[in-house]
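Here's the structure we're looking at; comments come further down.
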Amino acid sequence: MSLAAYALVDCNNFYCSCERVFRPDLVGKPIIVLSNNDGCIISRSNEAKALGVQMAAPYFKQKRFLERNNVTVFSSNYPLYGDLSERVMNVLRTFCPDMEIYSIDEAFLRLDGFSAYNLTEYAQRIRNTVFRWTGIPVSIGIAPTKTLAKIASHICKKAPESSGVFNMNDFWHSPENIDALLEKVPVQDIWGIGRRSAAKLANYGITTARQLRDRDNAWLQKKLTVTGLYTGLELRGISSIALEEAPPVRRSIRSSRSFGEPVTEKKDAQEAAVAYTVRAAEKLRREGLLASTISVFIKTNAHRPGDQHAEYCAHTLDSPTDYTPLLVHHASEMLLRIFRAGHKYQKVGVLLSGLESKRNQQGSLMDITSPETQEQAQTEARLMQVTDAINKKFGRGTVQYAGEGLRQPWKMKQNNLSPKYTTDWKELCEVE
DNA sequence: TCTGGGGTCCTAGGACCC
DNA sequence: TCTGGGGTCCTAGGACCC
């Protein structure tokens, strides 16, 4: 039987690469992309990495250094990244229909059926095509399991001579090569092993992927739960984490942001809670879902130990809904309940959970409710449809809820935003 | 002055039931 | 009144991911 073959296609420094597609003048130069609120650094070009710029470093601490070194800085522009991601995924699908979109910049492909091809060459073709059609450079790791494919893609990024593809299957049948390779992988670089588990494993003298692989199943399960057991099996080449081709059913929708400035006024925190509820409810309807529970949380800045307050409040509705005014009403009320004057708040968030499909619900609703209730439900649904349609056509916030406020002093910072080149007619790229 | 946002899964423990 | 096993469901907290 031939070896299973999973490929992980991973976009290189994805957000930076997206910015460069529209700014070719920045190719070969150091650039970075910041998190929301211009808080910390979440993507670095190779040139920025070479300067020693650290991932997740707070921007304000690096600002001087970045200026001195002529690093170009971008606020994150998610509509742009989402659009380019979709284009990359569409190209990949033409090469392999057995595909799992794992994140905005990664996809797993199941390449078993392509044994007639030389897989390394096939991956090379995928890589070249993605770059030609979208401008995004990718790395591809191939191995008998998803966990090993992740490792293969890391290896490939670190080794320039791999020319963007690393195929572990090519020498799977020489165990000493695989041993040598896994020996060089630190345990915390393995998919599914985070900081806490790595620290725990270090206490048992386990610091490399090879050492983890060689522990027995019972030990792995005892120390790291079943997820750790699966990781161990996958490191041995036994596929235990399946390809998920259909996106999993969503369980929750969250909307939360750090404030641009610390918030001390109840009214401002309440506006933010309302605004986030409006956004979460839009997403709910876009995906044809209803929520049965809404929660609101508020917190102060964890980096300011002198002023700490964090609280959370949940409300379960009589029946699941996607009606914004009702959700806004509950969110607003809960916020007032958890807000305490005298604190400098950093963040408010809204979580919708207990989600179910609207389609399943409608039938049963019709059976048991009165004509008046049905009519009201239809009026509400139409109102939501109309506001969604207007906001889609003319831009978010064209129709706004009064509770969201107008001045919005709590709004996040985005001082280095690039234009919406691909998703907004007003900001299309101009060609001269 | 300034430190992201949005998700999932697993386990333990409590409440409740037969 | 006391005793017991076994099952389900829910929630909070921890850990992980990109």
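Heads up: the first sequence begins at 1 in full-length UniProt numbering, then just goes up one per residue.
Cβ coordinates follow ideal geometry from the N, Cα and C atoms, glycine included.
Query: Residue 299 - containing alpha helix (DSSP H), residue span; Result: From DSSP, residue 299 is part of no alpha helix (DSSP H) but of the beta strand (DSSP E) over 289 to 300.
Query: Residue 117 - DSSP class collapsed to helix/strand/coil; Result: coil
Query: 8 Å Cβ shell around residue 252 - same chain, five flanking residues per side excluded; Result: 351, 352, 353, 355
Query: Host alpha helix (DSSP H) of residue 311 (start-end); Result: It is not in any alpha helix (DSSP H) - residue 311 instead sits in the beta strand (DSSP E) that spans 310 to 321.
Query: Own chain partners of residue 344 with C-beta closer than 8 Å, once the 5 adjacent residues on each side are dropped; Result: 262, 263, 264, 300, 301, 304, 307
Query: Segment limits, alpha helix (DSSP H) that includes residue 88; Result: 78 to 95
Query: Contact check, residue 27 vs residue 43, beta carbons under 9 Å; Result: no
Query: Per DSSP, cross-strand counterpart(s) of residue 348; Result: 257, 298
Query: Segment contact flag, the stretch 77 to 95 with the stretch 108 to 127, C-beta cutoff 8 Å, min 3 pairs; Result: yes
Query: Pair within 9 Å by beta-carbon distance, residue 157 and residue 108; Result: no
Query: As assigned by DSSP and simplified to three states, the class of residue 14; Result: helix
Query: Delimiting residues of the alpha helix (DSSP H) encompassing residue 280; Result: 266 to 286
Query: Selected residue, minimal CA-CA separation from residue 2, among 112, 221, 178; Result: 112
Query: For residue 120 and residue 38, believed in contact at Cβ under 8 Å, the rounded distance; Result: Not quite, the Cβ-Cβ distance comes to about 41 Å (not below 8 Å), so this is no contact.
Query: Rounded distance between the beta-carbons of residue 182 and residue 213, thought under 8 Å; Result: 6 Å
Query: Rounded Cβ spacing between residue 269 and residue 298 (contact assumed at less than 8 Å); Result: 6 Å
Query: Alpha-carbon spacing of residue 193 relative to residue 135, whole angstroms; Result: 32 Å
Query: Pair within 9 Å by beta-carbon distance, residue 388 and residue 287; Result: no
Query: Beta-carbon proximity check, residue 197 vs residue 233, cutoff 9 Å; Result: no
Query: Range of the contiguous alpha helix (DSSP H) that encloses residue 333; Result: 324 to 338
Query: Cβ pair count under 8 Å reaching 3, the stretch 74 to 83 against the stretch 47 to 61; Result: no
Query: Whole-angstrom distance between residue 328 and residue 316, CA atom to CA atom; Result: 14 Å
Query: Rounded distance between the beta-carbons of residue 61 and residue 47, thought under 8 Å; Result: That pair is no contact at about 20 Å.
Query: Residue 256 versus residue 342 - alpha carbon distance; Result: 22 Å
Query: Classification of residue 246 by the beta-carbon crowding that lies within 10 angstroms, buried from 16 upward; Result: exposed
Query: Straight-line Cα distance separating residue 240 from residue 221; Result: 14 Å
Query: Cβ-based neighbour list, residue 338, same chain, cut-off 8 Å, excluding 5 preceding and 5 following; Result: 296, 297, 298, 311, 312, 313
Query: Alpha helix (DSSP H) segment containing residue 232, residue limits; Result: 217 to 235
Query: Among 153, 195, 142, 162, the one whose alpha carbon lies nearest that of residue 172; Result: 142
Query: DSSP-derived helix/strand/coil call for residue 204; Result: coil
Query: Identity of the residue in 102, 23, 19 nearest residue 77 by Cα; Result: 19
Query: Sheet register partners of residue 44 (DSSP bridge); Result: 32
Query: DSSP three-state assignment for residue 22, whether helix, strand or coil; Result: coil
Query: Residues near residue 411 by beta carbon distance below 7 Å, same chain, minus five either side; Result: 260
Query: Environment of residue 383 [buried if 16+ CB atoms lie within 10 Å]; Result: exposed
Query: Unbroken alpha helix (DSSP H) run spanning residue 72, endpoints; Result: Taken as a continuous stretch (DSSP letters only), residue 72 belongs to no alpha helix (DSSP H), being part of the beta strand (DSSP E) at 72 to 74.
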